[in-house]
Amino acid sequence: MNKSKILIFATVFLLSALLLASCDKNMEKVQQVKVESVTLSEALKGDNILLIGTKLDASWKVTVLPENATDRAENYSSSNPAVATVSGLGIVTAVSKGTAIITISVGGYSVEFPVTVVDKILIPATEIRLLKSEIDLGLGATYNLLDDVHLVPLSANDALVYTSSDPAIVAVNESGQLTGLAKGTAKVTVASLEQPSVKATTTVTVVPFSGDYPRAGWTMTASHALMIATGNPEGNSLSAAIDGDLATNFCLVRPGKTSGNGTGIVSVPSGEAIHFTVDMKTPQEVNYFRIRHRNTTQTFVRWYAFDEILGSNDGTNYEVIAKNVVIPDAITGSLQESVNISLPKSKYRYLKFYAQKAQCFYQSSYTSQGNTVQIQELYLGIIP
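Dropping the structure here:
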């Protein structure tokens, strides 16, 4: 390298160094300004109630002082991510019912706010109306009061509280179902859980039940398997006597007889007792029963008597209610339905009808015509 080139290179280097030194003297140094306080926005100081699946934007909802603080980055966290999550951008997502605390951190300072996640947004009732101001309720009967409740506004969805002035007479559960427990009168009140002063009242009078009991939900059992003939023309089943269907009949094979076809054949030894039991599901006062026979022609398949009728509340221990109970006019074919047959008043859940003696069957003989005894419908009731 010749001397002229070296001289040029040295000159350029010297000028560059002088220029850089001049720029460095003119540049201001950036100073770090620390955060001194972080204040939560008023918008987040409320209850912050979110419906499951909805979102809340919590970004830039804080005031950072001083305004020239250099580290203004916001960091977010949730105390309960199973209830509410929060993203790095400050988006809160409601996940499941419950509460969570969302924390916002800036420059070493933190603020927090609560989030409550619900499955519905509460709309309180401003008025409660009942369709009936008075209700007559049978002893032992139930009534769904909720069906009579009208809320204002129609969109109201707050919970209701039901109370009875005398639970010994009228019981009411949390769903509004009334039950008549004793003769008398009680006032039942429906009130808003959120606003107890918003309420309505109805007067419920419990009156003694009279007549045939509704049989919905009742079941029956029998001492022996049920015979089934080819095609089951009798419509034989354990529910046939309490189903209200006049095309079905409850049939038991008589002692000393055999009946049925194929796998439906049933034999009962002579002299052996047969019986059936009605489960009313709750203890009921009963002082009569009534039988509807299968038809007006086949009197040989009718019941003529029961040796005993027994009652129980546990299905195991039975007490005798009546003995030698005769079915009046069972021999008269034209009388398909018996009269109400009186019994001493009792209150049991289970009633068992027991027959062993020949007098319970057609012609009072084990060898007489008719392999089965049949009931189309059996009714139980009370007459005060």
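Note that the sequence shown covers residues -21 to -1, 1 to 363 in mature numbering (1 follows the signal peptide of the UniProt record, and there is no 0). Note that the Cβ used here is the ideal one computed from N, Cα and C, for glycine as well. Quantities reported herein were computed from a predicted structural model and do not represent experimental measurements.
Count the C-beta pairs between the stretch 78 to 98 and the stretch 50 to 70 that are closer than 8 Å, then say yes if the count reaches three, no if not. For the pair of segments examined, the stretch 78 to 98 was found to touch the stretch 50 to 70: the number of CB pairs separated by less than 8 Å reaches three.
Using the C-alpha atoms, what's the distance from ASN240 back to SER291? Along the sequence shown, read from residue 1 onward, the residue named residue 291 stands at position 312. Along the sequence shown, read from residue 1 onward, the residue named residue 240 stands at position 261. Approximately 35 Å between the Cα atoms of the pair.
For ALA165, collect the residues of the same chain with a Cβ closer than 6 Å to its Cβ; drop the 5 residues on either side in sequence, then sort them by chain order. Within the sequence shown, numbered from 1, the residue matching residue 165 stands at position 186. For ALA165, where only same-chain residues beyond five positions count, the Cβ hits under 6 Å are SER143, SER144, ASP145, ILE148, VAL149, VAL183.
Inter-residue CB distance, VAL280 and GLY349 (contact presumed, cutoff 8 Å): One-based indexing of the sequence shown puts residue 280 at position 301. One-based indexing of the sequence shown puts residue 349 at position 370. The Cβ separation is near 5 Å, so the contact holds.
Proximity winner among ILE100, LEU157, TYR358, ASP26, relative to SER134 (alpha-carbon distances): The sequence position of residue 134 within the sequence shown is 155, counting from 1. Of the residues ILE100, LEU157, TYR358, ASP26, the one whose Cα lies closest to the Cα of SER134 is ILE100.
Which listed residue (ALA252, GLY119, TRP282) has its alpha carbon closest to that of VAL151: For the purposes of this step, residue 151 is identified with residue 172 of the sequence shown, where counting begins at 1. Looking only at ALA252, GLY119, TRP282, the smallest Cα-Cα distance to VAL151 is reached by GLY119.
Output the residue ranges of the beta strand (DSSP E) runs that lie fully inside the stretch 193 to 273 and measure 3 residues or longer, sorted by chain position. Counting whole runs of 3 or more residues, the stretch 193 to 273 contains the beta strand (DSSP E) stretches 198 to 201, 229 to 232, 236 to 238, 245 to 247, 253 to 271.
Own chain, CB closer than 6 Å to TYR341, minus 5 neighbours either side, in chain order: On the sequence shown, residue 341 is found 362 positions in, with the first residue counted as 1. Within the same chain, TYR341 has close Cβ partners PHE279, SER347, GLY349.
Please report the distance separating the alpha-carbon of THR200 from that of CYS230. For the purposes of this step, residue 200 is identified with residue 221 of the sequence shown, where counting begins at 1. For the purposes of this step, residue 230 is identified with residue 251 of the sequence shown, where counting begins at 1. Note on geometry: alpha-carbon atoms of THR200 and CYS230 lie some 12 Å from one another.
Contact between the stretch 169 to 185 and the stretch 210 to 225 (3+ Cβ pairs under 8 Å): With the cut-off at 8 Å, the stretch 169 to 185 and the stretch 210 to 225 do not touch.
Mapping the DSSP letters down to three states, classify THR49 as helix, strand or coil. The count along the sequence shown starts at 1 and reaches residue 49 at position 70. In the structure shown, THR49 sits in coil (DSSP, three-state: anything other than H, G, I, E or B).
Considering just the uninterrupted stretch of the beta strand (DSSP E) at GLY290, what are its terminal residues? The sequence position of residue 290 within the sequence shown is 311, counting from 1. Under the DSSP assignment, GLY290 falls in the beta strand (DSSP E) whose first and last residues are 284 to 291.
What is the DSSP secondary structure of THR346, reduced to helix, strand or coil? Along the sequence shown, one-based indexing puts residue 346 at 367. Reduced to three states, the DSSP call for THR346 is coil.
Return the Cβ separation of ALA73 and GLY32 in integer angstroms, given the expectation that the two are a contact with Cβ distance under 8 Å. Position 94 of the sequence shown, counting from 1, holds the residue named residue 73. Position 53 of the sequence shown, counting from 1, holds the residue named residue 32. Confirmed, about 6 Å.
Locate the beta strand (DSSP E) running through ARG328, then write down its first and last residues. Stepping through the sequence shown from its first residue, residue 328 is reached at position 349. Counting along the chain, the beta strand (DSSP E) containing ARG328 begins and ends at 320 to 334.
Quick check on the burial criterion: 16 or more other C-beta atoms within 10 angstroms. Buried or exposed for LEU30? Position 51 of the sequence shown, counted from the start, is the residue given in the question as residue 30. By the 10 Å Cβ count, LEU30 comes out exposed.
Rounded C-alpha distance that separates ARG269 from VAL97: The sequence position of residue 269 within the sequence shown is 290, counting from 1. The sequence position of residue 97 within the sequence shown is 118, counting from 1. Taking the Cα positions, ARG269 is about 55 Å away from VAL97.
Spatial neighbours of THR261 within its chain, please: CB distance less than 8 Å, with the 5 preceding and 5 following residues excluded, ordered by chain position. Position 282 of the sequence shown holds residue 261. Only GLY119, ARG328 meet the Cβ criterion.
Excluding the five sequence neighbours on either side, which residues of its own chain have a C-beta within less than 6 Å of the C-beta of THR42, listed in chain order? Locating residue 42 in the sequence shown gives position 63, where the first residue counts as 1. The residues are THR18.
Contact set for ASN319: own chain, Cβ-Cβ below 6 Å, skip 5 residues either direction: For the purposes of this step, residue 319 is identified with residue 340 of the sequence shown, where counting begins at 1. Within the same chain, TYR267, ARG269 come within 6 Å of ASN319 by CB-CB distance, once the 5 residues on both sides are set aside.
Please determine, among CYS339, GLN315, ILE207, GLN156, the residue with the shortest C-alpha to C-alpha distance to GLN355. Along the sequence shown, read from residue 1 onward, the residue named residue 355 stands at position 376. Of the candidates CYS339, GLN315, ILE207, GLN156, the one whose C-alpha sits nearest the C-alpha of GLN355 is GLN315.
Taking the CB atoms as reference points, tell me whether GLY312 and THR275 lie closer together than 7 Å. Counting from 1 along the sequence shown, the entry for residue 312 is found at position 333. Counting from 1 along the sequence shown, the entry for residue 275 is found at position 296. The beta carbons of GLY312 and THR275 sit closer together than 7 Å.
Using alpha carbons as the reference points, say which of SER189, GLU15, THR168, ASN136 lies closest to LYS324. By one-based count along the sequence shown, residue 324 stands at place 345. When each option's Cα is compared against that of LYS324, the closest is SER189.
Do the CB positions of residue 366 and PHE332 come within less than 7 Å of each other? Because residue 366 is not part of the residues shown, which for the chain are -21 to 363, the question remains open.
Who does ALA165 pair with in a DSSP beta bridge? Here residue 165 refers to the residue found at position 186 when the sequence shown is read from its first residue. Answer by DSSP bridge pairing, in chain order: VAL183.
Output the boundary residues of the beta strand (DSSP E) element that contains GLU91. Translated into positions along the sequence shown, residue 91 becomes position 112. Bounds of the beta strand (DSSP E) holding GLU91 are 88 to 97.
I need the boundaries of the beta strand (DSSP E) containing SER143, first residue and last residue. As a first step, residue 143 is located in the sequence shown; it is residue number 164 there, counting from the start. SER143 -> beta strand (DSSP E) spans 139 to 143.
Run the CB neighbour count on ARG273, radius 10 Å, all protein chains shown included, and call it buried at 16 or more, exposed below. As a first step, residue 273 is located in the sequence shown; it is residue number 294 there, counting from the start. With 16 or more other CB atoms across the displayed protein chains lying within 10 angstroms of its CB, ARG273 is buried.
Taking DSSP's pairing of strands, which residues face SER171 in a bridge? Reading the sequence shown from its first residue, position 192 is the one you call residue 171. The secondary-structure analysis by DSSP pairs SER171 across a beta bridge with LEU139.
Take the Cβ of LEU110 as the centre, count every other Cβ of all protein chains shown within 10 Å, and call the residue buried at 16 or more, exposed below. As a position in the sequence shown, residue 110 is number 131, starting the count at 1. With fewer than 16 other Cβ atoms within 10 Å, it is exposed.
Starting from TYR358 and walking both ways along the beta strand (DSSP E), at which residues does that stretch end? Stepping through the sequence shown from its first residue, residue 358 is reached at position 379. First-last of the beta strand (DSSP E) with TYR358: 356 to 361.
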